[in-house]
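To keep things clear, I will list the structure first and then write my remarks on it.
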Amino acid sequence: MATSTRRDLFLVVATLFTVGLAVYVANGHENLKVSVGLSVIAGLITSQVLPKLKQTFVNARLSGVDVLKKERSIIPETMGLPTAIIYLITLFAFMPFPFFAWFDGKARLVHEDDPMIGTFPYHKLGEILSAILAIQSMVLLGFADDVLDVRWRYKVWFPAIAGIPLLIFYYTNFGVTYVVMPIQLRPYVGDLVDLGVLYYVYMEMLIIFCTHTINILAGINGIEAGQALIIGLSVIINDTLFIFGNDDRASVEAHLFSLYLMIPFVAVTLALLWHNWFPAKLFVGDTFCYFAGMTLAVVGILGHFSKTLVLFFLPQIVNFLYSCPQLFRFIECPRHRMPRLDPDTGLLKASTVKIGGKKPVSALGKLMLKFLRAIGLLRVYQSNAQGDILECNNLTLINLLLAHLGPMTERNTTVSILIVQILCSCLAFFIRYKLVTLVY
Ligand code: UD1
Ligand code: MG
507 MATSTRRDLF LVVATLFTVG LAVYVANGHE NLKVSVGLSV IAGLITSQVL PKLKQTFVNA
567 RLSGVDVLKK ERSIIPETMG LPTAIIYLIT LFAFMPFPFF AWFDGKARLV HEDDPMIGTF
627 PYHKLGEILS AILAIQSMVL LGFADDVLDV RWRYKVWFPA IAGIPLLIFY YTNFGVTYVV
687 MPIQLRPYVG DLVDLGVLYY VYMEMLIIFC THTINILAGI NGIEAGQALI IGLSVIINDT
747 LFIFGNDDRA SVEAHLFSLY LMIPFVAVTL ALLWHNWFPA KLFVGDTFCY FAGMTLAVVG
807 ILGHFSKTLV LFFLPQIVNF LYSCPQLFRF IECPRHRMPR LDPDTGLLKA STVKIGGKKP
867 VSALGKLMLK FLRAIGLLRV YQSNAQGDIL ECNNLTLINL LLAHLGPMTE RNTTVSILIV
927 QILCSCLAFF IRYKLVTLVY
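Counting from 507, one number per residue, gives the positions in the sequence shown under this note's numbering.
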């Protein structure tokens, strides 16, 4: 089957699955029906608008070289920006609906006649406003990164800054900072442990983690939008499992809120992936990685399921931990660590790094490499008579996969990583709904 036909088939199946899931979820929830309707429109607009903006972005020098193609063509980058803008407009359009009972032209803040409606839910308005502000700030900082190519030592803190509005809302509305302890630890520390200010540190770390880990599992067509799409769909499935058959109103409300944010996110991401899929017509840019990471972190925090969210980030956690020796400069970290193209075969191979090439490697760096080699997580390409590693694969999940499975086309490499992402989501559901009873 031709590549483009396969791509269309994959995306059509993904679209049908998403719309089907969303319609099923919305059953019985009026606001969700509105959200699904607006999301379908947002997805269609995104898929139509992105190709029209390509030349404008190239003219503005918002473009990049498609490194893993023989032609090395220049294609528009930062397409996460229009995607995020359409997403935000969708949220703006949706905002009045949860407050419809108050739009009766009487400008009242209390429904004396109907106690079921009661007083205007300012906390709900605050919740959605803080979410929008955090996502919007992250998009702005992501765009700054795409335009200015900010150094990692500065940009690593961007998500922490953008997350502040969210934490202020959390502090003034929920303020819950205790965590439920595993059964095994309860005799020693009690059922609940109040983390206090550490809980806010945890939330900041979660935001930093979600945004940057998507950005470092990157560099091949379709991977950034693909992983965000699968995590988004996993969150939607998790919300659905909670909403149906759950009588706890607070819990249902939290997961409905998550769906209001996730359904349009999945819709616009799917449209973006459509154009970013191999062979990519555009790049998503850091703007998209930050936008996606922040949106997912926001729903995890405000929906009170941050631990489950972390489980959906399993491949990103592995990729981050595996990357640590390079990220923290124990061994050299080149500007780009994506795989390399073999021009003779057109297949991707793991990219490599020369150890001690530019500056001598520390004893700790050597130890880390030896450990990774011992547990089979390192492919050594060159070593000296003393057994010192002189060249090995760059420490990313993509390179590890290629080093173990052998050369692959760029498309198949993306598909393999996305299959890993789907399998990890299945594992996450198993842990969350089956294994969890052993611990909680
Ligand atoms: C992160 C990674 C870097 C990886 C890069 C790829 C770390 C610490 N940084 O850096 O190793 O090489 O992402 O995105 O892990 N590109 C392609 N094909 C694609 C996507 C991107 O060729 O499908 C290239 C384009 O030239 C594009 C560039 O990668 O312009 C984008 O890189 P950028 O997002 O600026 O890199 P970082 O996020 O800083
Ligand atoms: Mg990037």
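Idealized CB from N, CA, C, for every residue including glycine.
Can you find the residues in the same chain that come closer than 7 Å, C-beta to C-beta, to M601, ignoring five residues on each side of it along the sequence? Leaving aside the five residues that flank M601 on each side, the residues in its chain whose CB is nearer than 7 Å to its CB run, in chain order, I634.
How many Å lie between F715 and A590 at the Cα? Distance from the CA atom of F715 to the CA atom of A590, rounded to whole angstroms, is 20 Å.
Please indicate yes or no: does the CB of L574 lie closer than 7 Å to some heavy atom of ligand 4? In the structure on display, ligand 4 does not appear, and the ligands it does have are ligand 1 and ligand 2.
T915 CB to nearest chain D CB: under 8 Å? In summary, chain D is missing from the structure at hand, where a single protein chain is found.
First and last residue of the alpha helix (DSSP H) that includes L933? Start and end: 916-936.
Taking the continuous beta strand (DSSP E) assigned at G570, which residues delimit it? That run of the beta strand (DSSP E) goes 569-571.
Nearest to S553 (by Cα), restricted to the options N752, T683, V774, F603: Checking every option, the nearest Cα to that of S553 belongs to V774.
Assigned secondary structure, R846 (DSSP; H/G/I helix, E/B strand, else coil): Strand, per DSSP.
Could you give the first and the last residue of the continuous alpha helix (DSSP H) run that contains S889? Here S889 belongs to no alpha helix (DSSP H); instead the beta strand (DSSP E) covers 886-889.
Among all the DSSP beta bridges, which residues are the ones paired with E897? Per DSSP, K860, Q888.
Residue burial classification, G586 (beta-carbon count within 10 angstroms, cutoff 16): Buried.
Any idea which residues DSSP pairs G624 with across the strands? Looking at the DSSP output, G624 bridges to H617.
Rounded separation between I881 and E710 - CA only: Rounded to the nearest angstrom, the two C-alpha atoms are 32 Å apart.
Examine ligand 2 and report whether any of its heavy atoms sits within less than 7 Å of the Cβ of A724. Under cutoff, so the answer is yes.
Own chain partners of L873 with C-beta closer than 8 Å, once the 5 adjacent residues on each side are dropped: Cβ within range, chain order: n/a, list empty.
Tell me the rounded alpha-carbon separation between H842 and Q642. Looking at the two C-alpha atoms, the distance is approximately 27 Å.
Roughly how far, in whole angstroms, is the beta-carbon of A640 from the beta-carbon of P671, given that I think they are within contact range, below 8 Å? Taking a contact as a CB-CB distance under 8 Å, the pair A640 and P671 counts as one, their CB atoms being some 5 Å apart.
Are there any heavy atoms of ligand 1 lying less than 7 Å away from the beta-carbon of N905, as far as the coordinates show? Ligand 1 has no heavy atom closer than 7 Å to the beta-carbon of N905.
So, is N752 buried or exposed, given that buried needs 16 or more other C-beta atoms within 10 angstroms? Exposed: under 16 other Cβ atoms inside 10 Å.
Can you have a look at Y676 and say buried or exposed, based on whether 16 or more other CB atoms are within 10 angstroms of its CB? The residue is buried, with at least 16 neighbouring Cβ atoms inside 10 Å.
Three-way DSSP call (helix, strand, coil) for V774 in this model: When DSSP states are grouped into helix, strand and coil, V774 belongs to the helix group.
Pick helix, strand or coil for Y705, following the three-state DSSP scheme. The three-state secondary structure of Y705, taken from DSSP, is helix.
Using 8 Å for Cβ pairs, my map puts Y828 next to T902. What's the rounded Cβ distance? With a beta-carbon spacing of about 7 Å, Y828 and T902 fall inside the 8 Å limit used to define contacts.
Selection from V707, L739, V685 that minimises the alpha carbon distance to A666: For the residues V707, L739, V685, the minimum Cα distance to A666 belongs to V707.
Just how far apart, CA to CA, sit Q561 and G570? Answer to the nearest angstrom: the Cα atoms are 13 Å apart.
Can you check whether the CB of P831 is closer than 8 Å to the CB of I837? Yes. Within cutoff.
Roughly how many whole angstroms lie between the Cα atoms of F605 and L615? C-alpha separation (whole angstroms): 11 Å.
Threshold first: 4 residues or longer. Then list the alpha helix (DSSP H) segments lying entirely within the segment 534-586, N to C. Taking 4 residues as the shortest admissible run, the segment 534-586 contains the following complete alpha helix (DSSP H) segments, listed from N- to C-terminal end: 536-565.
C795: beta carbon under 7 Å from a heavy atom of ligand 2? At a threshold of 7 Å, C795 counts as near ligand 2, since its beta carbon sits closer than that to one of the ligand's heavy atoms.
Neighbourhood of A803 by C-beta distance below 6 Å, restricted to the same chain and skipping five residues each side: Excluding sequence neighbours, A803 sits near L712, I713, C716.
Alpha carbon of L776 to alpha carbon of A668, nearest angstrom: A direct Cα-to-Cα measurement between L776 and A668 gives close to 25 Å.
With a threshold of 7 Å on Cβ separation, who are the neighbours of S931 within its own chain once the five nearest residues in sequence on each side are excluded? Hits under 7 Å: I736, S740, F818.
Run the CB neighbour count on E733, radius 10 Å, all protein chains shown included, and call it buried at 16 or more, exposed below. Reading the sequence as shown, one finds Gln at residue 733 and not Glu. By the 10 Å Cβ count, Q733 comes out buried.
D792 Cβ short of 7 Å to ligand 2 heavy atom set: With a cut-off of 7 Å, the C-beta of D792 is classified as near ligand 2, since at least one heavy atom of the ligand falls inside that distance.
Give the straight-line distance between the Cα atoms of P785 and S579, rounded to the nearest whole angstrom. Their backbone Cα atoms lie some 11 Å apart in a straight line.
Taking the alpha-carbon positions, what's the G809 to G632 distance? Taking the straight line joining both Cα atoms gives about 14 Å.
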